[in-house]
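Reading through the structure tokens given below for one structure.
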Amino acid sequence: MTVWLTRIRPDLRRREARRDLASAVGMHHRLMSLFPDDTDDARRSFGVLFRVEDTETAPQILLQSTTAPQLERLPADYATTQIREITPLLQALAHGRRVHYRIAANPIRRPGRTTRQEHGAPAVVPLSGKAAEQWWLTQSEAAGIKVETLHARPLDAARGERAQDKRRIRHARTLFEGTAHIDDADLLRQRTVEGIGRGKAYGCGLLSLAPARGSA
Numbered sequence: 066m067t068v069w070l071t072r073i074r075p076d077l078r079r080r081e082a083r084r085d086l087a088s089a090v091g092m093h094h095r096l097m098s099l100f101p102d103d104t105d106d107a108r109r110s111f112g113v114l115f116r117v118e119d120t121e122t123a124p125q126i127l128l129q130s131t132t133a134p135q136l137e138r139l140p141a142d143y144a145t146t147q148i149r150e151i152t153p154l155l156q157a158l159a160h161g162r163r164v165h166y167r168i169a170a171n172p173i174r175r176p177g178r179t180t181r182q183e184h185g186a187p188a189v190v191p192l193s194g195k196a197a198e199q200w201w202l203t204q205s206e207a208a209g210i211k212v213e214t215l216h217a218r219p220l221d222a223a224r225g226e227r228a229q230d231k232r233r234i235r236h237a238r239t240l241f242e243g244t245a246h247i248d249d250a251d252l253l254r255q256r257t258v259e260g261i262g263r264g265k266a267y268g269c270g271l272l273s274l275a276p277a278r279g280s281a
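Just so we're aligned: the sequence shown equals residues 66 to 281 in my numbering.
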């Protein structure tokens, strides 16, 4: 399997770019338009995950996919782009190696049926603070890494309105980053391609990895 990472730097002078950055739903549709079929099944089929990041100059979009996006489908002068294959990085993952990790995720808890019935708890409860950190520790272990250091900070929620049913989307987000060592390289490769947690269509769940000092 080939995995691609595309860096998109939208031109904030373009109204289309500003509109897409203001809506996680709009950004989802913009990025899916770079692939053959704009459906959720297509997102999974092409391994599409993304994260919007702030930089010193302007926001940028990191787009990961298992099919190279057709960047010529972006509007003229919409953004500058860079694309590279990251398959060698994933293939180099090995047990015991240390990595830097970064992920904007949607940490949640799902109360049981009894709790929902007796206390009126919602089906999904967003987590923050220590609870969110514990969520990530559990998720990371299930993804094949053992966290060594962890820094977490809340981000603005991913939100927008779906055109087909006017349903409003909102996914609370926390940025987790730090260092870890690899416990199960095959599992880590799988979860990196699949994404972690909820809200993958709307900018959550993309796990970025880079070698750390002291790697074996």
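Ideal placement from N, C-alpha and C gives every residue a C-beta, glycine not left out.
Straight-line CA distance for residue i to residue j?
| i | j | result |
| --- | --- | --- |
| ARG174 | VAL190 | 5 Å |
| THR282 | LYS265 | With the chain running from 66 to 281 in the structure shown, residue 282 is simply not present. |
| ASP251 | ALA169 | 22 Å |
| ILE148 | GLU242 | 23 Å |
| ALA228 | VAL117 | 21 Å |
| LEU158 | TRP69 | 16 Å |
| GLY225 | GLU121 | 25 Å |
| ALA208 | ASP230 | 34 Å |
| TRP201 | PRO172 | 7 Å |
| ASP192 | ALA237 | The sequence given here has Leu at residue 192, not Asp. So the alpha carbons of these two residues sit roughly 8 Å apart. |
| THR239 | ASP142 | 31 Å |
| GLU150 | VAL258 | 13 Å |
| GLN135 | HIS160 | 35 Å |
| PHE115 | LEU128 | 4 Å |
| ARG163 | LYS195 | 24 Å |
My output table needs one value for residue i: the three-state DSSP class, helix, strand or coil.
| i | result |
| --- | --- |
| ARG116 | strand |
| LYS211 | strand |
| ARG167 | strand |
| ALA144 | strand |
| ARG109 | helix |
| ARG162 | coil |
Starting from residue i and walking both ways along the alpha helix (DSSP H), at which residues does that stretch end?
| i | result |
| --- | --- |
| PRO153 | 152-156 |
| LEU86 | 80-86 |
| LEU96 | 89-97 |
Among all the DSSP beta bridges, which residues are the ones paired with residue i?
| i | result |
| --- | --- |
| GLU226 | ARG233 |
| ALA217 | PHE241 |
| PRO134 | Answer by DSSP bridge pairing: none, since PRO134 is not bridged. |
| ARG175 | Answer is none; ARG175 lacks a bridge partner. |
| VAL190 | ARG174 |
Assuming residue i is part of the beta strand (DSSP E), what are its boundary residues?
| i | result |
| --- | --- |
| ARG72 | 69-75 |
| LEU128 | 125-130 |
Should residue i be flagged as near chain D, meaning a C-beta pair shorter than 9 Å?
| i | result |
| --- | --- |
| GLU226 | Protein chain content of the structure displayed is limited to a single chain, and chain D is not contained in it. |
Complete beta strand (DSSP E) runs within the region 241-277 (minimum length 3 residues, chain order): With a minimum length of 3 residues, the continuous beta strand (DSSP E) runs that stay inside the region 241-277 are 272-276.
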